[in-house]
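Comments concern the structure below.
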Amino acid sequence: MKNPCMSALILAITLALPACAPSTKAVMETSQSAVALRSFQQRAFDTTDKEKTLRTVISTLQDLSFVVDKADLELGTISATKLSGYQLRMTVTVRPRGETQMLVRANAQYMDKAVEEPKPYQDFFISLEKSMFLTAHQVD
Amino acid sequence: MRSRYLAAIAVGCSLLTLGGCATIPKDALVLTPDSLERRQLQTRRIDGIGESNLLSAAAGVLQDIGFNIDESETRLGVIVASKDRSAVTGSQVMGTVLLALIGAYKDFDKTQKIRVSLVTRPFVGQDGAAVPNTSLIRITIQRIVRNTSGQVTRIESIEEPAIYQEFFDKLSKSVFLEVQQI
Numbered sequence: 842m843k844n845p846c847m848s849a850l851i852l853a854i855t856l857a858l859p860a861c862a863p864s865t866k867a868v869m870e871t872s873q874s875a876v877a878l879r880s881f882q883q884r885a886f887d888t889t890d891k892e893k894t895l896r897t898v899i900s901t902l903q904d905l906s907f908v909v910d911k912a913d914l915e916l917g918t919i920s921a922t923k924l925s926g927y928q929l930r931m932t933v934t935v936r937p938r939g940e941t942q943m944l945v946r947a948n949a950q951y952m953d954k955a956v957e958e959p960k961p962y963q964d965f966f967i968s969l970e971k972s973m974f975l976t977a978h979q980v981d
Numbered sequence: 049m050r051s052r053y054l055a056a057i058a059v060g061c062s063l064l065t066l067g068g069c070a071t072i073p074k075d076a077l078v079l080t081p082d083s084l085e086r087r088q089l090q091t092r093r094i095d096g097i098g099e100s101n102l103l104s105a106a107a108g109v110l111q112d113i114g115f116n117i118d119e120s121e122t123r124l125g126v127i128v129a130s131k132d133r134s135a136v137t138g139s140q141v142m143g144t145v146l147l148a149l150i151g152a153y154k155d156f157d158k159t160q161k162i163r164v165s166l167v168t169r170p171f172v173g174q175d176g177a178a179v180p181n182t183s184l185i186r187i188t189i190q191r192i193v194r195n196t197s198g199q200v201t202r203i204e205s206i207e208e209p210a211i212y213q214e215f216f217d218k219l220s221k222s223v224f225l226e227v228q229q230i
């Protein structure tokens, strides 16, 4: 390691890597608390029809140019991927909430990062509301 | 020499930072006027066949054009299929050959993975009730193209109207065969 430039290069890479590419640390990693995440990743709709809600989620995802990866009525989950110069993957789950509502939760990853800011989820639920013909209620 | 190293370090660091911190495009989950146009392009109403028979007929078309089924949930009207095919085009290969003549090398597109999701749902009439034996079917198609070095060169939705038209033409024939039990 006589070359000072080489040392500088290795040092720079070593400094840059931990910030952007943790390895196994990524398995359990999240930038926010579960409560904070859920506050913008989930909404309640005034319906008890799980199948119809799931079908509407699918058609909303298709409206947004997604291709479905997986769908499961029993579990109430849909996963889909959008390719548009980038890769955006979403999983949406639907389950009953109380006697009168369905709870819809979404989580997304953009390229190799979790989407953990509220705005994209607000956009998604606005799109979903239009197809559901129902209001998406904030859940606390 | 030293400044070249420093430049390389600077570029390397900015690439690492960008790669790790890119954020989702603003309009990624927003419905646009284009969304409605695409919906019309990708959707057809099929009369005279129930939803589950329509799914069988559609699965038949996917097989006719060489797709393999990856996933299906008939209770939600979903079939997901894909195929791996060559992405080699004459013009790109010619470009690589011409560059090779002057001693340069350029990768060209080699393989593509094409994915399609096919979704049916009951057609609901003006009165809000499902019309018997009438369904809507919508397909969305996307592909990932890799070059001779295995790098991703294209990652896109396929939106050529002719492709959807051809699929639905084939589907009409398949629905006819399904209804006739041929």
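Respectively, the protein sequence lines represent chains Z and U.
For the first sequence, the working numbering assigns the number 842 to the initial residue and increments by one for each residue that follows.
For the second sequence, the working numbering assigns the number 49 to the initial residue and increments by one for each residue that follows.
Just so it is clear, CB atoms sit at the ideal spot from N, CA and C, and this is done for glycine as well.
Cβ neighbour criterion (16 or more within 10 Å) applied to residue i
| i | result |
| --- | --- |
| Z:PHE974 | exposed |
| Z:ASP904 | buried |
| Z:ALA867 | exposed |
| U:PHE224 | exposed |
| Z:LYS923 | buried |
| Z:VAL876 | exposed |
| Z:PRO845 | exposed |
| U:PRO209 | exposed |
| U:GLU99 | buried |
| U:ALA106 | buried |
| Z:PRO959 | exposed |
| U:VAL145 | exposed |
| U:GLN90 | buried |
Interface flag, residue i vs chain U, CB-CB below 8 angstroms
| i | result |
| --- | --- |
| Z:PRO961 | yes |
| Z:ALA977 | no |
| Z:GLN903 | yes |
| Z:ARG930 | no |
| Z:LEU924 | yes |
| Z:MET842 | A caution first: Z:MET842 carries a pLDDT of 46, below 50, which makes its placement in the model unreliable, though a value can still be read off. So, not an interface residue. |
| Z:VAL935 | no |
| Z:MET952 | yes |
| Z:LEU878 | no |
| Z:PHE974 | no |
| Z:ALA912 | yes |
| Z:SER906 | yes |
| Z:ARG946 | no |
| Z:ARG896 | yes |
| Z:SER848 | no |
| Z:VAL980 | no |
Chain Z contact for residue i (CB, 8 angstroms cutoff)
| i | result |
| --- | --- |
| U:CYS190 | Residue identity check: residue 190 of chain U is Gln in the sequence provided, not Cys. True, the Cβ-Cβ gap to chain Z drops below 8 angstroms. |
| U:LEU219 | no |
| U:SER83 | yes |
| U:THR182 | no |
| U:VAL78 | yes |
| U:ARG123 | yes |
| U:ALA70 | yes |
| U:ARG86 | yes |
| U:VAL179 | no |
| U:GLU119 | yes |
| U:ARG133 | no |
First and last residue of the uninterrupted alpha helix (DSSP H) at residue i
| i | result |
| --- | --- |
| Z:MET943 | Per DSSP, Z:MET943 belongs to no alpha helix (DSSP H); it is in the beta strand (DSSP E), 942 to 951. |
| U:ALA210 | 209 to 227 |
| Z:VAL876 | 875 to 882 |
| U:GLU99 | 99 to 112 |
| Z:GLU870 | From DSSP, Z:GLU870 is part of no alpha helix (DSSP H); its letter is neither H nor E. |
Residue i: CB within 7 angstroms of a non-hydrogen atom of the ligand SAM
| i | result |
| --- | --- |
| Z:MET869 | Because no ligand of any kind appears in the structure shown, any question about the ligand SAM cannot be addressed here. |
N- and C-terminal bounds of the beta strand (DSSP E) containing residue i
| i | result |
| --- | --- |
| U:VAL136 | U:VAL136 -> no beta strand (DSSP E), and no H or E assigned at all. |
| U:ARG92 | 91 to 95 |
| Z:THR934 | 928 to 938 |
| Z:ASP910 | 908 to 913 |
| Z:LYS960 | Counting along the chain, Z:LYS960 falls outside any beta strand (DSSP E), though it belongs to the alpha helix (DSSP H) covering 959 to 973. |
| Z:LYS891 | From DSSP, Z:LYS891 is part of no beta strand (DSSP E) but of the alpha helix (DSSP H) over 891 to 904. |
Checklist entry - If contact means a Cβ-Cβ distance below 8 angstroms, which residues of the segment 145 to 173 of chain U contact chain Z? => result ARG163, VAL164, SER165, VAL167, ARG169
Checklist entry - Listed from N- to C-terminal order along the chain, which residues in the segment 195 to 211 of chain U have their beta-carbon within a distance smaller than 8 angstroms of any beta-carbon of chain Z? => result ILE203, GLU204, SER205
Checklist entry - Counting Cβ pairs, one atom from each stretch, are 3 or more of them under 8 angstroms apart for the segment 164 to 180 of chain U and the segment 140 to 156 of chain U? => result no
Item to check | Members of the segment 882 to 894 of chain Z that neighbour chain U once the beta carbon cut-off is set at 8 angstroms | outcome: GLU892
Next on the checklist: Would you call the segment 878 to 896 of chain Z in contact with the segment 177 to 187 of chain U, where contact means no fewer than 3 C-beta pairs closer than 8 angstroms?
Outcome noted: no
Checklist entry - Counting Cβ pairs closer than 8 angstroms, one from the segment 950 to 957 of chain Z and one from the segment 924 to 936 of chain Z, do we hit at least three? => result yes
Next on the checklist: Check whether the segment 904 to 920 of chain Z and the segment 105 to 124 of chain U are in contact - that is, three or more C-beta pairs closer than 8 angstroms.
Outcome noted: yes
Checklist entry - So does the segment 185 to 201 of chain U actually touch the segment 74 to 82 of chain U, counting three or more Cβ pairs closer than 8 angstroms? => result no
Checklist entry - Do the segment 125 to 144 of chain U and the segment 206 to 220 of chain U meet, that is, are 3 or more Cβ pairs less than 8 angstroms apart? => result no
Checklist entry - Which residues, in chain order, does the segment 88 to 100 of chain U contribute to contact with chain Z at a C-beta distance below 8 angstroms? => result GLN90
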